[in-house]
Amino acid sequence: MKRLIAAVMLLLGLSGCASQPAAYTNDFFAMDTFMSVTLYGSTPDGRPADDGTLSDMAESISRTVNRLDAALSRTQTAGDLYRLNHADGAVTEVSAETYEAVRQAVAYAEQTGGAFDPTMAPVTDLWQIGTDQARVPAQAELDEALTHVGYQNVKLLGENRIQLLNGAQIDLGGIGKGFAGDAVCALLQGENGAASWQALAALGGNIVLYGGNPARKDGSWVIGVADPDQTADSLVTLARADGSVVTSGDYERFFEQDGKRYHHIFDPATGYPADTGLRSVTVIDESSTRADAMTTALFVMGLEKGMAFCREQGIAAVFITADKQVVCSPAVSDMAVFSFEGEDKGYTYAQ
Ligand code: ADP
Ligand code: MG
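This is the structure in structure tokens:
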């Protein structure tokens with residue numbers, strides 16, 4: 069009987085824990101965007117982690133993201149990437165972490181046939197999107213900038229040494245937040261005070277899910293895919309316990325001129341914002357870096373090419389088109405519980 073009561077109390081205790089977990093939230097600004105991390109943790113004997121343990125972990129997470137921001141930014145002059153970009157083509161030794169970020173960026177460029185290209189820096193410099201100086205560059209300027217673009221110009225020489233040929237400069241804006249997301253996961257995997265962690269980290273449009281949602285019975289976190297015209301509303305929800313959900317859209321950073329929208333995802337073939345009839349692409353993946361690279365690449369490819377690529381490579385992607393369709397690649401149903409909510413906003417759903 070005693071045993072039974074203990075078992076019931078344990079169950080009650082656990083279910084109490086499941087319905088009212090103590091969450092700790094930390095908001096901060098890094099990588100040019102707002103970030104918010106919600107954390108739950110439990111000690112090795114199954115009790116909720118105390119506030120001090122949670123705040124230490126939250127602090128480690130923001131420190132990690134800020135460290136990567138400095139290392140991978142094109143503007144922070146003390147960082148690795150800045151040094152590499154300003155080495156005039158000389159062989160440059162970087163940290164193992166920076167080397168790994170560049171290695172992955174080049175690998176995704178190869179995999180996507182250059183739709184994702186981490187050497188778009190001279191092009192992004194001309195457009196200045198997201199600043200007060202944003203403008204449409206002259207064709208001659210773009211032609212000149214494009215002569216330096218090409219991931220083949222990045223030579224990974226081993227032992228953390230990189231050389232940039234042909235005046236190339238690296239811009240990791242297309243995967244930086246994803247790379248930070250994977251670093252956050254690695255941190256949560258380490259023990260760091262509590263036995264286990266559950267977390268939802270929103271690094272701008274990059275969402276990292278970790279360890280299951282203690283507030284829901286099935287452990288899933290529910291992520292909304294924004295309506296491009298009304299970003300507080302969702303057209304789709306995706307539910308999953310862990311992994312990453314990343315969105316790239318034409319509504320994140322843009323300016324308008326003569327009734328035309330110019331956004332921040334460029335087609336490496338033209339140097340112009342990719343104009344493929346898409347409003348956004350969302351990718352669900354175990355790796356946040358890969359998801360980030362793929363959203364950018366798929367946005368450049370457009371729906372038809374992008375969908376063929378997703379089928380061939382087993383990528384889970386949700387495309388939102390300018391003509392109000394929501395289209396899913398086949399792998400989405402393996403990676404998340406998908407729910408369409410865009411009907412009353414005039415969207416149709418196709419698979
Ligand atoms: P966000 O930064 O809004 O999450 P993305 O992940 O799509 O969006 O990254 C866009 C950024 O990536 C741009 O601001 C620019 O720095 C860089 N970029 C633009 N076009 C490309 C491209 N074709 N390949 C790789 N990086 C790109
Ligand atoms: Mg991206």
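Here the sequence shown stands for residues 69 to 419, numbered as in the working numbering. Beta carbons are placed, not taken as given, at the ideal position from N, Cα and C, and that holds for glycine. Everything numeric in this text was worked out from a predicted model, so none of it was measured.
As assigned by DSSP and simplified to three states, the class of residue i
i: L233; result: coil
i: K326; result: Going by the sequence as given, residue 326 is Asp instead of Lys. Reduced to three states, the DSSP call for D326 is coil.
i: M375; result: helix
i: S356; result: helix
i: N153; result: helix
i: E411; result: helix
i: S130; result: helix
i: R321; result: coil
i: F367; result: helix
i: G84; result: With a pLDDT of 38 at G84, under the threshold of 50, the modelled position of this residue cannot be trusted; read the value that follows with caution. Helix at G84.
i: D402; result: helix
i: F58; result: No statement about residue 58 is possible, as the shown extent of the chain runs from 69 to 419 and does not include it.
Inter-residue Cα distance where the pair is residue i and residue j
i: V276; j: A213; result: 34 Å
i: T187; j: G218; result: 6 Å
i: R142; j: E380; result: 33 Å
i: R308; j: T215; result: 43 Å
i: K223; j: D402; result: 36 Å
i: F377; j: P190; result: 27 Å
i: N281; j: V105; result: 13 Å
i: S407; j: L306; result: 6 Å
i: A139; j: Q419; result: 40 Å
i: T192; j: D200; result: 14 Å
i: R229; j: D148; result: 11 Å
i: K70; j: V349; result: Unreliable placement is indicated for K70, whose pLDDT of 33 sits below 50; the coordinate value is still reported in the next sentence. Cα to Cα, the separation comes out at about 56 Å.
i: E411; j: G114; result: 43 Å
Rounded distance between the beta-carbons of residue j and residue i, thought under 8 Å
i: D310; j: G273; result: With a Cβ gap of about 18 Å, D310 and G273 do not count as contacting.
i: L240; j: A169; result: 6 Å
i: I352; j: A404; result: 5 Å
i: A399; j: I383; result: 6 Å
Same chain, Cβ closer than 7 Å to residue i, five either side skipped, listed in chain order
i: W357; result: Looking at the sequence provided, one finds Thr at residue 357 rather than Trp. Here the set comprises Q172, I243, G246, F247, D250.
i: F322; result: I197, R329, Y330, H331, H332
i: A342; result: I333, F334, D335, F367, V368
i: L122; result: Y92, L107, G109
Spatial neighbours of residue i in its chain, beta-carbon cut-off 6 Å, leaving aside the 5 residues before and after
i: Y340; result: none
Chain-order list of residues whose beta-carbon lies under 8 Å from that of residue i (same chain, five-residue window excluded)
i: M369; result: T180, A183, T344, F377
What residues sit near the ligand MG, counting only those whose C-beta is closer than 7 Å to one of its heavy atoms, in chain order? Every residue whose beta carbon comes nearer than 7 Å to a heavy atom of the ligand MG appears here in chain order: G242, I243, G246, V314, S316, D360, A361, T363, T364.
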